[in-house]
Amino acid sequence: MLSLHGYQPVFSPLMDLHWPVRSLWPEVTPLYSHRELLLRNMQEMKTCLEQLEKMQHKVFEELDHMPASGDVQPVSYTLDKEGDGFALTLDARDFSPEELSVKQVGRKLQVSGKTEKKQDDGHGSYSYRVQEFRREFDLPEGVSPEAVTCFMADGKLHIQAPKNQIADKPERVVPIDCGKTVGAAVHSSMTEDSAAETQKNPEEKQIKRH
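Note that this note's numbering has the sequence shown beginning at 33, numbered continuously upward.
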């Protein structure tokens, strides 16, 4: 048997030039390319974190300028229950009429107000200012709840209700009749009332007859 070992150096250059070449192992990327890509990704991540931190700081700064939710602040007022009736005056200079509410529930008055204003500091940042109040008052005896009125003037809310006017009637003596029973007394009283009504309105009686 012939051995080709001795001819291998002669045919080897021809094989390298004309035979197809395949790689049996993945191509190795230089180490410096991986390092450059890793550094680029880390720089992009750092930039994103810095932007996120700035946004978070801005949000917290705006929240610091806002009062707590449901913060109720008192308003000054004067109340007068004597004299001609009920008179209540509240300092409402920070509120518009649309932001105020006055409700009458039975003999109670419920007064409330809420305002929310946006304030700009001139540097691109802004904050919200919220003010709210709620008060309840009792109407005194002798004041009709249906007569309550309110109006705004000079930044103050005025709520008023006059006293009920009771007409003075002349004094009269009510006689005691001991000769009538209960039924007869009621019938007599109704008859007297009917006769008195006829005397007061004779023209009306004539119209009804026609």
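Glycine included, C-beta positions come from ideal geometry on N, C-alpha and C.
Since the structure is predicted, the reported quantities are computational estimates derived from the model, not experimental observations.
{"Asked": "7 Å Cβ shell around residue 155 - same chain, five flanking residues per side excluded", "Found": "none"}
{"Asked": "Closer than 8 Å to chain B by CB, residue 80", "Found": "Checking the listed chains, one finds no chain B in this structure; it contains a single protein chain."}
{"Asked": "Exposure label - residue 165; buried when at least 16 CB within 10 Å", "Found": "buried"}
{"Asked": "Nearest-angstrom Cα separation, counted from residue 122 out to residue 81", "Found": "51 Å"}
{"Asked": "Spatial distance of residue 124 from residue 204 (CA atoms)", "Found": "52 Å"}
{"Asked": "Coil, strand or helix - residue 197 by DSSP", "Found": "coil"}
{"Asked": "Residue 168 versus residue 210: straight-line alpha-carbon distance, rounded", "Found": "54 Å"}
{"Asked": "Local conformation of residue 108 per DSSP, three classes", "Found": "coil"}
{"Asked": "Minimum C-alpha distance to residue 116 - residue among 202, 208, 174, 85", "Found": "174"}
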